[in-house]
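Novice: Here it is, the structure in full.
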Amino acid sequence: MIASIEANENGFIVGTGDSRSSFTWNLDSKTISDFVGRHKPVSNYLPRILTCILIDLLLIYCFVKAGALFEIPLEVIHNHKLVFSLAKNDFKTKFAGSYLGVIWAFIQPVVTILVYWFVFQKAMGVGEQPIRSGGSAPYILWLTAGLVPWFYFSDTLSQGTNALIDYNYLVKKVVFKISVLPTVKAVSNLFVHIFFVCFMLVIYLIYGYYPDLYWLQLIYYSGCMFVFLLGLIYLNSAIVVFFRDLSQLVNVILQIWIWATPIMWNIDTMNLNGKLLSVFKLNPMYYIINGYRDSMLNKVWFWEHPKLTILFWVVTVLVFGFGVRIFRRLKVHFADVL
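Here it is in structure tokens:
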């Protein structure tokens with residue numbers, strides 16, 4: 001029978017009820033660490049357990065609500081010619097009447113990149129950024145990989161919020177599929193986004209970064225951003241019909257969102273505690289921005305971040321499902337209000 005356990009510098013002394021019998025258990029620090037590591041408290045596994053439960057519930061929801069969830073996407077696919085026609089017209093008319101026309105769509109983002117580059121690198125002295133594949137990269141390359149997806153995200157969310165208001169004359173038509181209108185704004189801005197992706201690739205080539213298989217991930221991350229945006233656009237465009245101030249609120253939120261996302265600043269070089277770091281990583285745009293940099297600089301595949309990938313798609317599916325549901329519920333009132 002064990003009567004006592006005492007610790008000393010050599011290990012543990014286990015005493016029994018009989019004073020004549022005792023033994024010493026010698027343990028070095030590595031052995032103790034390995035022992036403790038194999039016997040973690042149950043609380044350490046709770047986040048994983050809860051994540052698995054959340055994913056299971058999400059899959060069940062998608063299975064049960066598959067018809068309603070995919071109704072609008074199927075309408076968009078079925079009317080893809082109409083979507084592209086409206087998107088092309090939207091892109092052309094956006095700058096109609098100006099001397100430079102659609103060139104303004106490309107001038108403003110380029111100037112923005114140059115301003116941020118000058119302020120942070122030249123004025124504030126921000127140097128090369130460490131990359132996960134080893135070494136460092138010029139700040140202009142690191143900055144561009146973050147700003148290019150953000151331009152598409154912010155412009156599309158801002159313009160997509162007002163999609164139904166901009167096309168109110170189509171909403172009032174009984175036979176028109178108004179569910180395709182929010183998608184029109186997302187597709188319209190894709191033209192500019194594709195240009196800036198090519199522009200970014202040219203800059204990388206100039207600096208000696210040549211194409212590889214990792215660059216193909218840009219298609220995946222652009223698709224991720226597109227789906228996430230659609231959920232937000234369907235939600236916002238439905239609500240703004242009844243609450244016009246939402247469009248101004250979205251612009252304010254975007255001003256905060258850009259600084260809450262590690263675009264101009266490097267999260268890997270910041271001295272953030274674990275909880276605060278986790279909060280930043282909950283931001284879906286962190287996954288997108290980080291993904292563009294993983295493709296261009298870090299040389300990391302998206303499946304090497306399983307937790308972030310699962311988290312992003314859980315949030316995206318929830319946002320998309322909620323946005324589509326609200327849009328379908330309010331759709332019958334759009335024509336009357338507009």
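So that you can map any letter, position 187 of the sequence shown is 187 in the UniProt record's numbering, and since no number is skipped, the others follow by simple counting. Just so you know, even glycine gets a beta-carbon here, dropped at the ideal spot from N, CA and C.
#1: Quick check: is the beta carbon of Tyr139 nearer than 7 Å to any beta carbon in chain D?
#2: Can you find at least 3 beta carbon pairs, one from the region 256 to 269 and one from the region 283 to 296, that sit closer than 8 Å?
#3: Applying the criterion that 16 or more other CB atoms from any shown protein chain within 10 Å of the CB defines a buried residue, is Ser295 buried or exposed?
#4: Between Tyr116 and Cys198, what straight-line distance do the alpha-carbon atoms span, to the nearest angstrom?
#5: From Ser237 to Ser98, what does the alpha carbon distance come to, in whole angstroms?
#6: Straight-line CA distance for Ala163 to Arg325?
#7: Hey, Val184 and Leu86: beta-carbon distance below 7 Å or not?
#8: Taking a contact to mean a Cβ-Cβ separation below 7 Å, would you say Ser179 touches Ile72 in this structure?
#9: Entirely within the region 238 to 265 and at least 4 residues each: give me those alpha helix (DSSP H) ranges in chain order.
#10: Tell me the start and end of each unbroken alpha helix (DSSP H) in the region 161 to 249 that is at least 4 residues and wholly inside, in chain order.
#11: Across the region 221 to 236 and the region 122 to 141, are there enough close Cβ pairs to call them in contact, namely three or more that are closer than 8 Å?
#12: How about Ala186 and Thr156: do their beta carbons lie closer than 7 Å?
#13: Name the residue from Gly274, His305, Asp212, Ile258 whose alpha carbon lies nearest to the alpha carbon of Met285.
#14: So, are the CB atoms of Gly323 and Tyr207 less than 7 Å apart?
#15: Under a Cβ-count criterion, where at least 16 other Cβ atoms within 10 Å of its own Cβ denotes burial, should Gly160 be classed as buried or exposed?
#16: By Cβ distance, which residues of its chain are closer than 7 Å to Gln129, with the 5 residues on each side in sequence left out?
#17: Which term fits Leu181, buried or exposed, when burial requires 16 or more other beta carbons within 10 angstroms of its beta carbon?
#18: Rounded to the nearest angstrom, how far is the Cβ of Phe196 from that of Phe151, given a contact under 8 Å?
#19: Whole angstroms is fine: what's the gap from Val337's alpha carbon to Arg328's?
#20: Using the C-alpha atoms, what's the distance from Ala123 back to Ile113?
#21: Are Lys177 and Glu75 touching if we call contact CB-CB under 7 Å?
#22: Which same chain residues, not among the five before or five after Leu254, have their C-beta less than 6 Å away from its C-beta?
#23: Just confirm the distance between the C-beta atoms of Arg293 and Gly146, as a whole number of angstroms; I'd bet it's less than 8 Å.
#24: Report the rounded CA-to-CA distance for Phe91 versus Phe84, giving the unit in angstroms.
#25: How would you label Ile131, buried or exposed, when you count the other beta carbons within 10 angstroms and need 16 or more for buried?
Specialist: The short version:
#1: No chain D is part of this structure, which consists of one protein chain only.
#2: Between the region 256 to 269 and the region 283 to 296, the count of Cβ pairs shorter than 8 Å is three or higher; the stretches touch.
#3: Along the sequence shown, read from residue 1 onward, the residue named residue 295 stands at position 295. With 16 or more neighbouring CB atoms inside 10 Å of its own CB, Ser295 falls in the buried class.
#4: As a position in the sequence shown, residue 116 is number 116, starting the count at 1. As a position in the sequence shown, residue 198 is number 198, starting the count at 1. Roughly 20 Å between the two C-alpha positions.
#5: Here the question's residue 237 lines up with position 237 in the sequence shown. Here the question's residue 98 lines up with position 98 in the sequence shown. The alpha-carbon atoms of Ser237 and Ser98 are separated by roughly 27 Å.
#6: The residue you call residue 163 lines up with position 163 of the sequence shown. The residue you call residue 325 lines up with position 325 of the sequence shown. CA-to-CA, the gap between Ala163 and Arg325 works out to about 17 Å.
#7: Here residue 184 refers to the residue found at position 184 of the sequence shown. Here residue 86 refers to the residue found at position 86 of the sequence shown. In contact: Val184 and Leu86 (Cβ atoms closer than 7 Å).
#8: Residue 179 sits at position 179 when you count from the first residue of the sequence shown. Residue 72 sits at position 72 when you count from the first residue of the sequence shown. Taking 7 Å as the cut-off, the Cβ atoms of Ser179 and Ile72 count as close.
#9: Look at the region 238 to 265 and you find these whole runs of alpha helix (DSSP H), each 4 residues long or longer: 246 to 260.
#10: Qualifying alpha helix (DSSP H) stretches, in chain order: 163 to 166, 168 to 171, 181 to 206, 217 to 240.
#11: Flag = no, the region 221 to 236 and the region 122 to 141 do not touch.
#12: Here residue 186 refers to the residue found at position 186 of the sequence shown. Here residue 156 refers to the residue found at position 156 of the sequence shown. Contact flag set, yes.
#13: Counted from its first residue, the sequence shown places residue 285 at position 285. Looking at Gly274, His305, Asp212, Ile258, the one whose alpha-carbon comes closest to that of Met285 is Ile258.
#14: Counting from 1 along the sequence shown, the entry for residue 323 is found at position 323. Counting from 1 along the sequence shown, the entry for residue 207 is found at position 207. No; because the gap between Cβ atoms is not below 7 Å, this pair is not in contact.
#15: Position 160 of the sequence shown holds residue 160. When all chains shown are included, Gly160 counts as buried.
#16: Taking the sequence shown and counting its residues from 1, the one referred to as residue 129 is at position 129. The residues are Ser136, Ala137, Tyr139, Trp142, Asn266.
#17: On the sequence shown, residue 181 is found 181 positions in, with the first residue counted as 1. Leu181 is classed as buried because its beta carbon has at least 16 other beta carbons within 10 Å across all chains shown.
#18: For the purposes of this step, residue 196 is taken as residue 196 along the sequence shown, with counting starting at 1. For the purposes of this step, residue 151 is taken as residue 151 along the sequence shown, with counting starting at 1. The Cβ separation is near 6 Å, so the contact holds.
#19: Translated into positions along the sequence shown, residue 337 becomes position 337. Translated into positions along the sequence shown, residue 328 becomes position 328. Roughly 15 Å separates the two Cα atoms.
#20: Sequence index remark: in the sequence shown, residue 113 carries index 113 (1-based). Sequence index remark: in the sequence shown, residue 123 carries index 123 (1-based). Across the structure, Ile113 and Ala123 are spaced so that their CA atoms are roughly 14 Å apart.
#21: Here residue 177 is taken as the residue at index 177 of the sequence shown, counted from 1. Here residue 75 is taken as the residue at index 75 of the sequence shown, counted from 1. In terms of Cβ geometry, Lys177 and Glu75 form a close pair [threshold 7 Å].
#22: For the purposes of this step, residue 254 is taken as the residue at position 254 of the sequence shown. The residues Ser154, in chain order, have a CB closer than 6 Å to that of Leu254 in the same chain once the five nearest residues on each side in sequence are set aside.
#23: To locate residue 293, count along the sequence shown from 1; it is residue 293. To locate residue 146, count along the sequence shown from 1; it is residue 146. Separation of the CB atoms of Arg293 and Gly146 is rounded to 7 Å, and the pair is thereby assigned contact status at 8 Å.
#24: Reading the sequence shown from its first residue, position 91 is the one you call residue 91. Reading the sequence shown from its first residue, position 84 is the one you call residue 84. Their backbone Cα atoms lie some 10 Å apart in a straight line.
#25: Mapped onto the sequence shown, residue 131 falls at position 131. Burial is judged here by how many other beta carbons sit within 10 angstroms of a residue's own beta carbon; Ile131 has at least 16 and is buried.
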